[in-house]
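One structure is given here, and the rest of the page talks about it.
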Amino acid sequence: QQQVKQSPQSLIVQKGGISIINCAYENTAFDYFPWYQQFPGKGPALLIAIRPDVSEKKEGRFTISFNKSAKQFSLHIMDSQPGDSATYFCAASSPQGGSEKLVFGKGTKLTVNP
Amino acid sequence: DAGVTQSPTHLIKTRGQQVTLRCSPKSGHDTVSWYQQALGQGPQFIFQYYEEEERQRGNFPDRFSGHQFPNYSSELNVNALLLGDSALYLCASSPTLRGGELFFGEGSRLTVL
Chain A
1 QQQVKQSPQS LIVQKGGISI INCAYENTAF DYFPWYQQFP GKGPALLIAI RPDVSEKKEG
61 RFTISFNKSA KQFSLHIMDS QPGDSATYFC AASSPQGGSE KLVFGKGTKL TVNP
Chain B
1001 DAGVTQSPTH LIKTRGQQVT LRCSPKSGHD TVSWYQQALG QGPQFIFQYY EEEERQRGNF
1061 PDRFSGHQFP NYSSELNVNA LLLGDSALYL CASSPTLRGG ELFFGEGSRL TVL
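Protein chains in written order, with this note's numbering: chain A, 1 to 114; chain B, 1001 to 1113.
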């Protein structure tokens, strides 16, 4: 049973455009929602994270939007750059598991064309 | 400041063999978690070690076992390897149990033939 569903599987954006990746979750006990960025041959690196007490969090060009009632959250990358080309994973965890026991989505491969 | 280091980076085994993967956590971190990432998939939680004990476990069979040493480093052991065990095995460390950002290593790529 996949607890975090991520879409799209792949995304192609022009330089300067907006990249949007969506995730939906089922477990209402989840209270921590991070996004990870993974380059080929590297491990995932934390990009930005949100907890359900806020509806939006922005860090530079990256924004998480969170909709608790719909059990959905999304990552927006503004002014996308070729260096943003990577695979992005959404994830979630519950208080029982802590921030270390993450349930990941299947990932979105982002390609930003110059 | 060294991050999470894993060894070996790549290895090839045959079905039925056993494998041991090693991990050194980021300096100052005492909690280690292991994840399995199949090709084209997101990482899946295997288990977590803190104070040399397994604290949490995901849906993995007993063929997967681990250990944490007094210096906080950790090992992942997989017995009776199956073809389906072929994956990238990621180690992640965090500064304390159930708190703090996870830092991942670059992984150990296991191929089972």
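From the three backbone atoms N, C-alpha and C, an ideal C-beta is built for every residue, glycine too.
Quick check: what's the CA-CA separation for residue i versus residue j?
i               : j               : result
E1101 (chain B) : V112 (chain A)  : 27 Å
D1085 (chain B) : Q1048 (chain B) : 19 Å
P40 (chain A)   : G60 (chain A)   : 23 Å
T984 (chain B)  : L1083 (chain B) : With chain B covering 1001 to 1113 only, the question about residue 984 (chain B) has no answer from this structure.
G43 (chain A)   : S69 (chain A)   : 32 Å
P1025 (chain B) : Y1035 (chain B) : 14 Å
A1092 (chain B) : G1107 (chain B) : 9 Å
L1021 (chain B) : V1004 (chain B) : 13 Å
K58 (chain A)   : L47 (chain A)   : 11 Å
L75 (chain A)   : Q1041 (chain B) : 19 Å
V1112 (chain B) : E100 (chain A)  : 28 Å
L1039 (chain B) : N1071 (chain B) : 32 Å
P8 (chain A)    : F1060 (chain B) : 28 Å
F104 (chain A)  : V54 (chain A)   : 21 Å
Q14 (chain A)   : P114 (chain A)  : 6 Å
S1027 (chain B) : A45 (chain A)   : 17 Å
A1002 (chain B) : C23 (chain A)   : 32 Å
H1029 (chain B) : R1015 (chain B) : 34 Å
P1043 (chain B) : L102 (chain A)  : 9 Å
I64 (chain A)   : I20 (chain A)   : 10 Å
Q1037 (chain B) : E1054 (chain B) : 20 Å
D1062 (chain B) : P82 (chain A)   : 43 Å
G16 (chain A)   : Y36 (chain A)   : 21 Å
T28 (chain A)   : P95 (chain A)   : 11 Å
Y1050 (chain B) : E56 (chain A)   : 33 Å
Do residue j and residue i count as a contact pair if the criterion is CB distance below 8 Å?
i               : j               : result
L1088 (chain B) : L1011 (chain B) : no
F73 (chain A)   : I50 (chain A)   : yes
I1046 (chain B) : F1069 (chain B) : no
A91 (chain A)   : P34 (chain A)   : yes
Q6 (chain A)    : T87 (chain A)   : no
F1103 (chain B) : L1090 (chain B) : no
C1023 (chain B) : S1074 (chain B) : yes
V1117 (chain B) : V1078 (chain B) : Residue 1117 (chain B) lies beyond the range of chain B shown here (1001 to 1113); nothing can be said about it.
Q1056 (chain B) : G97 (chain A)   : yes
Hey, does residue i have any beta-carbon neighbour from chain D nearer than 8 Å?
i              : result
E100 (chain A) : You won't find chain D in this structure, because its protein chains are A and B.
Run through chain B and tell me which residues come within less than 7 Å of residue i, C-beta to C-beta.
i             : result
G97 (chain A) : Q1056
Determine the chain A residues that contact residue i at a beta-carbon separation under 9 Å, and present them in chain order.
i               : result
L1097 (chain B) : G98, E100
F1104 (chain B) : Y36, Q38, K42, G43, P44, A45, L46
L1090 (chain B) : G43, P44
S1094 (chain B) : G98, S99, E100
Give the residues of chain A in contact with residue i, contact being defined as C-beta atoms less than 7 Å apart.
i               : result
G1107 (chain B) : G43
Q1048 (chain B) : E100, K101
S1007 (chain B) : Per Cβ cutoff of 7 Å: no residues; S1007 (chain B) is ~14 Å from chain A at best.
G981 (chain B)  : The first residue shown for chain B is 1001 and the last is 1113, placing residue 981 (chain B) beyond what the model contains.
T1031 (chain B) : E100
Counting only Cβ pairs nearer than 9 Å, list the residues of chain B close to residue i.
i              : result
F89 (chain A)  : G1042, P1043
F104 (chain A) : Y1035, Q1037, Q1041, G1042, P1043, Q1044, F1045
Which whole-angstrom value is the C-beta distance of residue i and residue j, which I expect to be below 8 Å?
i               : j               : result
Q3 (chain A)    : Y25 (chain A)   : 6 Å
K80 (chain A)   : I18 (chain A)   : Checking the sequence, you will find Ser at residue 80 (chain A) rather than Lys. Right, their Cβ atoms sit about 7 Å apart.
I77 (chain A)   : F62 (chain A)   : 6 Å
G1066 (chain B) : L1081 (chain B) : About 16 Å separates the two Cβ atoms, so there is no contact after all.
Interface residues of chain B around residue i at Cβ under 8 Å?
i              : result
G107 (chain A) : G1040, Q1041, G1042
Q) What residue ranges within the stretch 1033–1072 of chain B form continuous beta strand (DSSP E) runs of no fewer than 3 residues, ordered along the chain? A) 1044–1050, 1053–1057, 1064–1068
Q. Fully enclosed by the stretch 1071–1098 of chain B, which beta strand (DSSP E) runs are 3 residues long or longer?
A. Positions of the beta strand (DSSP E) runs, each at least 3 residues long and wholly inside the stretch 1071–1098 of chain B, are given as 1074–1078, 1087–1094 in order along the chain.
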